[in-house]
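So in full-length UniProt numbering the end of the sequence shown lands on 320, straight run, no missing numbers.
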Amino acid sequence: MKRIAVFTSGGDAPGMNAAVRAVVRAATGKGIEVVGIMRGYQGMIEGDMRLLGPRDVANTIQRGGTILLTARSKEFRNPEGRAKAAEQLKKWDIDGLVCVGGDGSFHGAHYLHTEHGFKVVGLPGTIDNDLYGTDYTIGYFTAVDTALDCIDKLRDTGASHERIFVVEVMGRHAGFIALDVGIASGAEEVLLPEHPTPIEEVIHTLKESEAKGKKSSFVIVAEGYPGGGQGVQDAIEAAGFESRLTILGHVQRGGSPKAEDRILASRLGEAAVQALVEGKNDVMIGVTNHDISHTPLADTWEKRKDVNAHLRSCVKTLSV
Ligand code: ATP
């Protein structure tokens, strides 16, 4: 293996730069050249690439976003677009690829392998933590901390005004962010797409809390919960509660990556290069029970990782 490429794709996530840095430096250390592809699959199709040396990734480990930029490419979704991308990769003499992204990006990488024979490995780069085959994804820890920080601030005002606060957090179809944030913020209710608590039950709990003398309650809603934060607020207002809705949105994708994301990204980046050198292919590199794991790319979208059952029961137990 003489030359590999690295790119970031889909939604950006804090820690992606640490992953790119690790890939560049681990590969260079083994005498392998690294090409950075700009703007994900769109840049691949357009040949927007450059050689990256260890100095090019200096001073990036602490930066949010991605220095390689990211994009969503419609063209790459069809075989003609992918053929154009493959042509560019061949022109650049690229033997292997490291794709940092979510399951959509992994679909694309899988096709580059099955249709054009490239060696591909994926690194889980998404704040949602919704990928099977890894306990955590790059960006998740920072997103949870960012959301928590916002909720702590809302708590001050919530307690002063004796209201119910409904806070919608990101996570797409998954409730990992919501559950961790719910536990860490001491929320009364956490509403998840995977195990959706019926809204009537939520209203019942809020009435019980009120009867017990709770002055303000926090309801954390994953964006994938039926109706989202707005639906929950509408329902509880209709039940006679005064409430405020906060949708945290893209703020959760920003900021300097937390230590956990930098460490995870550094480990995974190094392991990705190692995997390519060892001939591994069409797999995602993850962390399972603290160890590096390799999962077929197709499993990452065909199989489902569930939220932690113990944490779910803790929300109930601790919100008395
Ligand atoms: P996030 O979890 O942050 O949304 P993602 O990687 O799932 O990240 P997507 O927008 O789904 O983000 O995918 C990124 C890019 O990957 C798409 O713009 C497209 O170019 C490519 N892609 C996604 N799905 C497919 C597919 N089924 N076939 C080929 N390419 C795909």
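All residues carry an ideal CB built from backbone N, CA and C; glycine is no exception.
Beta-carbon gap between residue i and residue j smaller than 9 Å
{"i": "Gln230", "j": "Leu245", "result": "yes"}
{"i": "Gly36", "j": "Ala85", "result": "no"}
{"i": "Val120", "j": "Leu268", "result": "no"}
{"i": "Thr137", "j": "Thr146", "result": "no"}
{"i": "Val166", "j": "Val251", "result": "no"}
{"i": "Gln88", "j": "Gly47", "result": "yes"}
{"i": "Gly182", "j": "Val315", "result": "yes"}
{"i": "Asp135", "j": "Phe118", "result": "no"}
{"i": "Met44", "j": "Phe76", "result": "yes"}
{"i": "Gly10", "j": "Gly104", "result": "yes"}
{"i": "residue 325", "j": "Ser209", "result": "The question about residue 325 has no answer, for the chain in this structure spans 1 to 320."}
{"i": "Val232", "j": "Ala184", "result": "no"}
{"i": "Ile151", "j": "Ser243", "result": "no"}
{"i": "Ile199", "j": "Gly227", "result": "yes"}
{"i": "Gly171", "j": "Asp261", "result": "no"}
{"i": "Ala83", "j": "Glu33", "result": "no"}
{"i": "residue 323", "j": "Ile292", "result": "Nothing about residue 323 can be read from this structure; the chain reaches only from 1 to 320."}
{"i": "His107", "j": "Trp301", "result": "yes"}
{"i": "Thr142", "j": "Gly15", "result": "yes"}
{"i": "Asp275", "j": "Ile285", "result": "Correcting the residue identity first, residue 275 is Ala in this sequence and not Asp. Going by C-beta atoms, Ala275 is nearer than 9 Å to Ile285."}
{"i": "Lys214", "j": "Glu188", "result": "yes"}
Identified DSSP bridge partners for residue i
{"i": "Lys119", "result": "Gly96"}
{"i": "Asp291", "result": "Thr288"}
{"i": "Ser243", "result": "Ile164"}
{"i": "Thr8", "result": "Val100"}
{"i": "Ala222", "result": "Val169"}
{"i": "Arg50", "result": "Gly36"}
{"i": "Glu80", "result": "For Glu80, which the question treats as bridged, DSSP gives no partner whatsoever."}
{"i": "Ile138", "result": "Gly125"}
{"i": "Val283", "result": "Val121 and Pro296"}
Close beta carbons around residue i, own chain, < 7 Å, minus the five adjacent residues each side
{"i": "Asp12", "result": "Gly65, Thr66, Thr70 and Arg253"}
{"i": "Leu192", "result": "Gly175, Ala178, Leu179, Ala222, Tyr225 and Val307"}
{"i": "Lys280", "result": "Val121 and His294"}
{"i": "Pro54", "result": "Val24, Arg25 and Thr28"}
{"i": "Lys303", "result": "Tyr132"}
{"i": "Glu270", "result": "Ala22 and Ala26"}
Where residue i sits in the DSSP three-state scheme
{"i": "Val320", "result": "coil"}
{"i": "Met170", "result": "coil"}
{"i": "Ile203", "result": "helix"}
{"i": "Ile183", "result": "helix"}
{"i": "Met16", "result": "helix"}
{"i": "Gly254", "result": "coil"}
{"i": "Met44", "result": "helix"}
{"i": "Glu278", "result": "coil"}
{"i": "Ile67", "result": "coil"}
{"i": "Arg3", "result": "strand"}
{"i": "Ser216", "result": "coil"}
{"i": "Leu268", "result": "helix"}
{"i": "Glu189", "result": "strand"}
{"i": "Gly231", "result": "helix"}
{"i": "Ile61", "result": "coil"}
{"i": "Thr28", "result": "helix"}
{"i": "Thr197", "result": "coil"}
{"i": "Val144", "result": "helix"}
{"i": "Leu131", "result": "coil"}
{"i": "Leu248", "result": "coil"}
{"i": "Asp56", "result": "helix"}
{"i": "Val307", "result": "coil"}
{"i": "Arg155", "result": "helix"}
{"i": "Lys91", "result": "helix"}
Inter-residue CB distance, residue i and residue j (contact presumed, cutoff 8 Å)
{"i": "Ala272", "j": "Leu123", "result": "6 Å"}
{"i": "Thr8", "j": "Leu68", "result": "5 Å"}
{"i": "Ser216", "j": "Glu278", "result": "54 Å between Cβ atoms; not a contact."}
{"i": "Asp282", "j": "His110", "result": "6 Å"}
{"i": "Arg63", "j": "Ser256", "result": "7 Å"}
{"i": "Gly40", "j": "Ser73", "result": "6 Å"}
Cut-off 6 Å between Cβ atoms - residues of its own chain near residue i, not counting five sequence neighbours on either side
{"i": "Met38", "result": "Asp48, Leu68 and Leu69"}
{"i": "Arg21", "result": "Val57, Thr60 and Ile61"}
{"i": "Arg101", "result": "A quick correction: the sequence has Gly, not Arg, at residue 101. The answer, listed in chain order, is Ser9, Gly10 and Gly125."}
Close-in-space but distant-in-sequence residues of the same chain around residue i (CB under 8 Å, 5 per side omitted)
{"i": "Asp93", "result": "Lys2 and Arg3"}
{"i": "Ala235", "result": "Ile199, Val202, Ile203 and Gly227"}
{"i": "Asp130", "result": "Gly102, Asp103, Thr137, Gly171, Arg172, His173, Ala174, Phe176 and Lys305"}
{"i": "Glu237", "result": "Ser243"}
{"i": "Glu194", "result": "Ala174, Gly175, Asp306 and Val307"}
{"i": "Leu97", "result": "Ile4, Ala5, Val6, Phe7, Leu89, Ala109, Leu112, Phe118, Lys119, Val120 and Val121"}
Residue-level contact to chain D via CB, residue i, 9 Å cutoff
{"i": "Trp301", "result": "Looking for chain D here will not work: only one protein chain is present."}
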